[in-house]
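Student: Note that this note's numbering has the sequence shown beginning at 2, numbered continuously upward.
Beta carbons: idealized from backbone N, C-alpha and C, even for Gly.
No experiment lies behind these values; they were computed from the predicted model shown.
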Amino acid sequence: MTADVRDDVIYGAKTLLENWRLFSLYFENVRVDLDRLEIVADNSLIATTTTTIKISEKTLQRVFPHLNSDGNGGAQGGNLKDVSKVFEALSSVCQASTSIPRACSDSGHDKFPFCNVSLSTSERVEDLLSRLPLDEKVTLLTARASPHGNMSTLGLPEYNWGANCVHGVQSTCGTNCATSFPNPVNLGAIFDPQVVFDMAQVVGWELRALWLEGARENYATGPHLGLDCWSPNININRDPRWGRNMETPSEDPLVNSRYGVAYTKGLQEGKDKRFLQAVVTLKHYAAYSYEHYDGIDRMAFNAIVSPYDFADTYLPAFRASVVEANAKGIMCSYNSVNGVPMCANNQLNTKLLREDLGFDGYITSDSGAIEGIFNQRHYTKSLCEAGRLAILSGTDVNSGSVYKKCLAKLVTSNKLPIKAVDDALRRTLKLRFELGLFDPIDDQPYWHVAPSEVNTATSKQLSLDLTRKSLVLLQNHGNVLPLRKGIKVAVLGPHAKAKRALLGNYLGQMCHGDYLEVGCVQTPLEAITTANGASNTHYAQGSGINDTATTGFEDAVAAAQHADAVVLFLGLDTSIEREAWDRENIDMPKIQMELLKKIRHVGKPTVVVLLNGGVVGAEELILHTDALVEAFYPGFFGAQAVSDVLFGDANPSGKMPVTMYPSNYITNVDMKSMSMTKYPGRSYRYYKEVPVFPFGWGLSYTKFTLALDSENSVKDLTTPLIVTRDLDTTVSVIVSNDGSLVGDEVVFAFFRPLRTNATGNAALLNEQLFDYRRVSLRPTQYRKLSFRIQQSTLAMVDDAGNQASFPGFYEVIITNGVHERVTFAIHLVGEHEILSGFMSGNSHAPLQAHGEPMSDIRLKAERAFEGVGLEKPEVAMATTFD
């Protein structure tokens with residue numbers, strides 16, 4: 002290749018890199034080294050593609066008009082095919098390389114003090130911070146700005162804040178696609194924190210591997226992954242209408258707390274204890290469970306929350322994940338709490354999180370949330386003022402454009418102290434050091450994760466096992482299930498051929514090809530056909546999800562008439578419930594109920610499998626089916642797992658992590674109300690009516706029994722156990738498998754106030770889960786389970802938000818959630834006692850849950866920033882914490 006052609010190839014590479022969609026990330030200073038077969042941008046090897054780039058001769062002809070396919074054209078001469086091979090070689094190097102941009106990696110930059118591993122992390126952070134110009138500082142505080150933020154003068158590579166890992170790495174495929182796990186509501190139904198930890202370990206390890214391969218966030222213009230996961234979602238399943246119920250594990254604060262702790266430890270704590278494997282970002286803080294309902298959008302929604310509800314329901318999972326697991330990231334939510342937008346809420350973000358709970362990580366805004374402070378909430382008089390309030394309130398990273406547009410301008414005009422910017426950078430840069438991104442990599446296992454370690458046989462088996470364990474058998478009249486293989490089965494319903502509907506949301510790329518490709522996902526029909534044989538399995542759709550067409554009923558009825566048993570796959574999809582959209586009701590879609598009734602009239606044994614995120618009102622549905630399986634959105638292996646349960650290859654063991662309310666529940670409960678206690682109440686803890694299926698319900702194909710262990714502090718179930726402030730004892734039960742099949746059982750321990758001195762909201766508590774265990778037992782096998790009982794076990798929240806001890810009589814219920822239970826009474830003696838305050842220095846000052854005079858609101862907002870050396874914020878409107 003002549004020198005002139007060589008120059009043209011370099012020019013063409015730059016041109017193509019700047020225009021291809023795969024490289025449309027605005028790389029600067031692109032250099033092509035043909036001797037080393039490298040494409041370099043800003044001194045960092047680009048490794049963003051996972052398949053060899055094949056460039057057509059037509060494309061090359063446009064870039065190199067003087068070249069032709071036989072090598073004889075143009076004054077300078079050259080062969081298009083040779084040039085094409087060069088590009089293929091270049092892209093192959095990019096594909097195979099694990100030389101992801103790395104700080105302190107070359108002789109030009111490795112002498113900076115921030116590269117000196119003998120210094121403390123804080124010293125290294127301070128040195129790097131001192132070298133950053135203001136305009137680069139604000140870029141580094143902008144999420145999803147990759148590849149901006151790379152500074153060639155310091156050898157500082159790009160870093161992207163904002164990967165999602167809700168139930169798997171949400172990225173494009175590398176050599177392999179990330180392992181996809183069942184949705185969090187399914188994981189909640191397993192009631193086992195260990196499996197959440199196991200999943201998070203896989204997710205963190207695969208995130209490292211995919212990051213090294215240059216995988217992108219899974220959307221058309223997604224940037225290169227970062228190593229922080231905007232996960233887990235530990236919001237409470239407050240209302241069945243909420244569009245994001247699939248993303249969160251439960252309606253119970255203890256379950257969500259244990260989920261958050263297990264996920265945090267699993268993701269952050271990996272094989273190398275010197276460094277973080279990845280960074281969690283707990284979301285959405287705080288009191289977030291509203292998308293779009295009755296004309297009000299989540300950006301404009303003001304969550305009116307009492308101190309009781311905040312401390313009792315909305316805070317515990319975040320508190321536990323920070324205090325017990327050292328979570329390093331939190332996302333502030335779109336909504337306001339009592340008038341103050343969460344990303345500008347100094348009291349909750351700084352005083353509560355950082356000062357009271359000791360949180361030392363970073364806070365990011367949800368995408369567009371800082372813009373929403375001005376645009377939707379009209380809380381400030383300008384967009385830049387929204388950014389100013391956000392960073393002063395502890396929001397370190399902006400997923401949006403406000404910081405990049407405004408912070409430098411605010412600093413140079415003396416409207417924002419540079420300290421606020423530097424403090425945010427200290428917190429975020431520290432995490433990049435703790436991830437090992439500035440240290441030598443030779444002995445760091447996280448820098449040597451092979452592509453083959455993504456979606457391994459082991460991780461796929463784990464995902465399948467978790468999916469099986471998550472399925473809840475709600476009803477099984479006449480032991481219709483399990484079905485016998487070889488009988489004629491009619492597979493009906495709008496979800497019988499579901500692929501995408503199985504998966505839920507926040508998905509990584511499932512299959513190679515387009516980033517939305519789901520062709521490799523097995524459908525329920527395919528799984529049942531594989532298990533039962535094609536000649537014994539017949540299909541008819543019957544109806545759509547939520548349309549009015551009945552033209553498919555005839556074929557469905559005919560299939561049922563020729564079958565020995567019928568399985569209908571019914572439920573919801575993201576056309577009905579999703580992020581940014583709440584349901585108006587919780588009814589089963591009318592067309593599906595009409596189909597079910599037609600099929601039931603045929604008289605064959607009938608099984609319904611439900612797909613949904615939030616529960617549906619199933620009080621009518623259960624009258625028209627023999628068996629009912631709640632599958633939620635079971636994920637990639639959902640079809641196989643459901644088939645395994647239907648035919649007895651797996652024993653169902655999931656338990657309801659939420660209450661299944663009747664359809665009329667929503668007529669008595671305001672979607673906009675954040676109160677858990679207002680009649681008829683929310684969740685099993687406060688609901689005063691009869692549910693269709695209660696929290697914790699779930700049947701098995703085997704029989705489990707519970708009995709009080711004979712060696713116990715409770716000897717006589719008729720005599721109350723006396724509990725004092727100094728008592729610390731255990732109560733044990735024996736759980737036995739008295740059936741003929743191997744099975745898993747979940748045993749719950751609740752307390753129920755009977756006669757106590759509790760007043761206010763605490764007096765409305767039905768019962769509270771204080772512990773739970775999952776066990777696996779063979780036939781005739783038994784296990785002893787012990788539950789700790791002490792004063793704090795029976796703690797409730799008072800109306801000021803304090804954890805308190807209320808003397809009186811309680812009942813403890815140890816149960817499998819169905820018919821087995823052991824109960825005994827407790828007499829808690831002593832005086833009413835505050836065990837822990839809600840907020841330090843403010844333990845007895847209630848949250849203001851109602852409007853205040855404007856003068857008081859403005860004064861409180863101004864006082865929040867006293868002593869920081871800047872002008873008073875321009876607050877347009879608010880109510881706030883006292």
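Using a Cβ-Cβ cutoff of less than 7 Å, which residues in the same chain neighbour Met661 once the five nearest sequence positions on both sides are dropped?
Tutor: Val616, Ala619, Pro692, Val693 and Phe694
Student: Identify whether Tyr294 lies in helix, strand or coil by the three-state DSSP scheme.
Tutor: strand
Student: Go to His285, then tell me how far its alpha helix (DSSP H) extends in each direction, as first and last residue.
Tutor: No alpha helix (DSSP H) holds His285; the beta strand (DSSP E) holding it covers Leu283 to Tyr286.
Student: Which same chain residues, not among the five before or five after Tyr516, have their C-beta less than 6 Å away from its C-beta?
Tutor: Thr173, Asn219 and Gln510
Student: Rounded C-beta distance between Gly649 and Tyr702? I'm assuming under 8 Å.
Tutor: 7 Å
Student: By a C-beta neighbour count over all protein chains shown, 10 Å radius and 16 as the cutoff for buried, is Asn613 buried or exposed?
Tutor: buried
Student: Could you pull out every unbroken alpha helix (DSSP H) segment of at least 4 residues lying fully inside the segment 701 to 768, listed in chain order?
Tutor: none
Student: Given this structure, state the Cα-to-Cα distance separating Asp240 from Arg584, to the nearest angstrom.
Tutor: 10 Å
Student: Who are the near neighbours of Ile600 in its chain, counting only those whose CB is closer than 7 Å to its CB and skipping five residues on each side?
Tutor: Leu493, Ala557, Val558, Ala561, Val567, Leu569 and Thr607
Student: Quick one: what does DSSP say Asp423 is sitting in, helix, strand or coil?
Tutor: helix
Student: Is it right to say Leu647 is buried, meaning 16 or more other beta carbons lie within 10 angstroms of its own, or is it exposed?
Tutor: buried
Student: If I follow the unbroken alpha helix (DSSP H) through Phe554, where does it start and stop?
Tutor: Phe554 to Gln562
Student: Is Ala708 near Thr468, with beta carbons less than 8 Å apart?
Tutor: No, they are not a contact pair.
Student: From Gly831 to Gln348, what distance separates their C-alpha atoms?
Tutor: Approximately 34 Å, taken between the alpha carbons.
Student: Could you name each continuous alpha helix (DSSP H) segment of 4 residues or more that falls completely within the segment 515 to 584, going from the start of the chain to the end?
Tutor: Taken in chain order, the unbroken stretches of alpha helix (DSSP H) that lie wholly in the segment 515 to 584 and span 4 residues or more are 525 to 533 and 554 to 562.
Student: Quick check on Ile546: buried or exposed, where buried means 16 or more other Cβ atoms within 10 Å of its Cβ?
Tutor: Buried, because 16 or more other Cβ atoms sit within 10 Å of the Cβ of Ile546.
Student: Using the Cα positions of Ser98 and Glu214, report the straight-line distance between them to the nearest angstrom.
Tutor: Residue confidence is low: Ser98 scores 40 on pLDDT, short of 50, so the model does not pin down where it sits. Its coordinate-derived value is still stated next. Each residue's Cα considered, the two are about 7 Å apart.
Student: Go ahead and pull the three-state DSSP assignment for Asp357.
Tutor: helix
Student: Could you tell me which whole alpha helix (DSSP H) segments of length 4 or greater appear in the segment 99 to 128?
Tutor: none
Student: Taking only runs that begin and end inside the segment 179 to 205, name each unbroken alpha helix (DSSP H) of 4 or more residues, in chain order.
Tutor: The segment 179 to 205 contains, as complete alpha helix (DSSP H) runs of 4+ residues, the segments 185 to 191 (chain order).
Student: On the criterion of 16 or more Cβ atoms from any shown chain inside 10 Å, does Asp745 qualify as buried, or is it exposed?
Tutor: By the Cβ-count criterion, Asp745 is buried, with 16 or more other Cβ atoms from all chains shown falling within 10 Å of its own Cβ.
Student: Which of the three DSSP states is assigned to Asn399 in this structure?
Tutor: strand
Student: Excluding five sequence neighbours on each side, which residues of the same chain lie with their C-beta closer than 8 Å to the C-beta of Lys461?
Tutor: Thr180 and Phe638
Student: Bridge partners of Arg275, per DSSP?
Tutor: According to DSSP, which records beta bridges pairwise, Arg275 is partnered with nothing at all.
Student: Spell out a yes or no on whether the segment 226 to 236 and the segment 270 to 286 are touching, meaning 3 or more CB-CB pairs, one atom from each, closer than 8 Å.
Tutor: yes
Student: Name the DSSP beta bridge partners of Ile827, please?
Tutor: BP columns for Ile827 point to Leu722 and Tyr811.
Student: Would you mind reading off the limits of the beta strand (DSSP E) that contains Ser366?
Tutor: Tyr363 to Ser366
Student: Three-state secondary structure (DSSP) at Gly369?
Tutor: coil
Student: Throw me the rounded Cβ distance for the Leu208 and Ala164 pair, which I believe falls under 8 Å.
Tutor: Confirmed, Cβ separation roughly 7 Å.
Student: If we count the other Cβ atoms within 10 Å of its Cβ and call it buried at 16 or more, is Pro681 buried or exposed?
Tutor: exposed
Student: With a cut-off of 8 Å on the beta carbons, I'd call Thr265 and Ala328 a contact; round off their distance for me.
Tutor: 5 Å
Student: Helix, strand or coil: which one does DSSP assign to His225?
Tutor: strand
Student: Where does Ser676 sit, in a helix, a strand or coil, going by DSSP?
Tutor: For Ser676, the three-state secondary structure derived from DSSP is coil.
Student: Got a sec? Which residues, its chain only, sit under 8 Å from Gly267 by beta carbon, not counting five neighbours each side?
Tutor: Val197, Phe198, Asp199, Met200, Ala201, Gln202, Val204 and Gly205
Student: Could you compute how far the alpha carbon of Glu356 sits from the alpha carbon of Ala301?
Tutor: 28 Å
Student: If we count the other Cβ atoms within 10 Å of its Cβ and call it buried at 16 or more, is Pro134 buried or exposed?
Tutor: exposed
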